[in-house]
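Chemist: Quick note: the sequence shown uses this note's numbering, first residue 43, plus one each step.
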Amino acid sequence: MRLPGLLTLSVLALAPAVPARAQTPVTPPRSATPDESWSEPGKPAPEAPPPEPARPQAVPNEEAPTRVQPPSDTQGEAEGWESFPGASDAVTAPPPPLRYAPPPPPAEPPPTRRRVKPPRPPRPPSPPQAPNRYGLYGGRSLGSGHVGVGMELGFPFASARALYGVLEPLDLGLGVDTVYGLMTELRASARLTLMDSQNVSLALVVDGGRAFFLRPPDTEDRGARYLSGRRDWNVAPGLVASFQGDGPRAWRPYLDVRALFAFDLDPIQRDPLSGVPPAWKLDAAVLVRLGAEFPVGEKTSYAVSFGGDFRSRSTDAEFMPTLSVGVVSALF
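1) Rounded to whole angstroms, what is the Cα-Cα separation between residue 352 and residue 169?
2) Find out if the Cβ-Cβ distance for the pair residue 326, residue 354 is shorter than 8 angstroms.
3) By the 10 Å Cβ neighbour count, where 16 or more other Cβ atoms means buried, how is residue 256 classified, buried or exposed?
4) Span of the alpha helix (DSSP H) holding residue 135?
5) Out of curiosity, what's the CA-to-CA distance linking residue 228 and residue 276?
6) Look up residue 331 in the DSSP assignment and say whether it is helix, strand or coil.
7) Apply the 10 Å Cβ neighbour rule to residue 343 and answer buried if 16 or more other Cβ atoms are within range, or exposed otherwise.
8) Please confirm whether residue 332 and residue 349 have their CB atoms less than 8 angstroms apart.
9) Skipping 5 residues on each side, what residues in its chain have a beta carbon closer than 7 angstroms to that of residue 219?
10) Quick one: residues in its chain with C-beta nearer than 6 angstroms to the C-beta of residue 370, no 5 flanking neighbours on either side, listed in chain order?
11) With a threshold of 6 angstroms on Cβ separation, who are the neighbours of residue 302 within its own chain once the five nearest residues in sequence on each side are excluded?
12) From 264, 267, 216, pick the residue whose C-alpha is nearest to that of residue 251; which is it?
13) Looking at the strands, I want to know which residues DSSP matches up with residue 354.
14) So is residue 267 buried or exposed if we call it buried at 16+ other beta carbons inside 10 Å?
15) Could you tell me whether the Cβ atoms of residue 196 and residue 364 are closer together than 8 angstroms?
16) Which one of 293, 189, 262 has the shortest CA to CA distance from residue 338?
Below you can see the structure in the form of structure tokens.
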């Protein structure tokens, strides 16, 4: 009963010598009904067809089996994997990449007409400024019924004063001068305008008063008397000339020259061999002031002055510089 096995071995041994013959392609069995159970969940799969009976093996006397040739291209395309049940559509080749085309140059915008703004209406002319022509230190008087006040700080004095226009060319006033508490003098003043034109003014001025010192003269050495040149009673007459331009805010420079007469009611004798001092003593000095008033409004001005005192008393400085800044205003 071993004959079929021997025949099979003999055929396999003689197969290389036999020229290969064309073999007919063997089509794999296909199911008549495709399996579509995967597309309907819950439905039982159809029963598979019964398997085909096995073919009998070739005998030695029969023709040698031939090699199976691959299916042709046409047949492969028709019976490829796409023909199996559940196969999807053929995958198409991806489209070729798009070529980059540069964007077209931007079109030039159409020329637009610029809107011309209408010219602005001219500004209304500002009202003319009221002139400021009255001060406290120049040669022009305030005028009848007008009041002016001022204050100055400087070296060696700090002062404040007020003037009232009694008559059109005459002003009378009161003031106070102090060497910052070391000496305080209450002063009365008068100003009489001698000449008043559009630009130049000249006035006769005089002021004087009683001075009060913090320390007695025998204990004082280069104190308030030395700095101020004042004594118990002081009178200073003089002349003031001033100039002002045509503008309503033109500044007013002035020159004030006065003679100071100082009356010492309690003189002391520095030299013990000089005898008994007199009951009172008179000394004189020349006061020169150069300054200006700068109007900043209709009634208000800044004031600046500098100058010096030329003295004749041997115990005082021959020349004492002065400097002051302040503000003056006409009240009405």
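In this text, a Cβ means the ideal position worked out from N, Cα and C, and glycines have one as well.
Modeler: In terms of the structure at hand:
1) 48 angstroms
2) yes
3) exposed
4) Neither: residue 135 is in no alpha helix (DSSP H) and is coded neither H nor E.
5) Going by the C-alpha atoms only, they are around 10 angstroms apart.
6) strand
7) buried
8) yes
9) 199, 201, 227, 229
10) 177, 178, 192, 343, 345
11) 278, 327, 329
12) 216
13) Its beta-bridge partners do not exist; DSSP assigns none.
14) buried
15) Between residue 196 and residue 364, the C-beta spacing is below 8 angstroms.
16) 293
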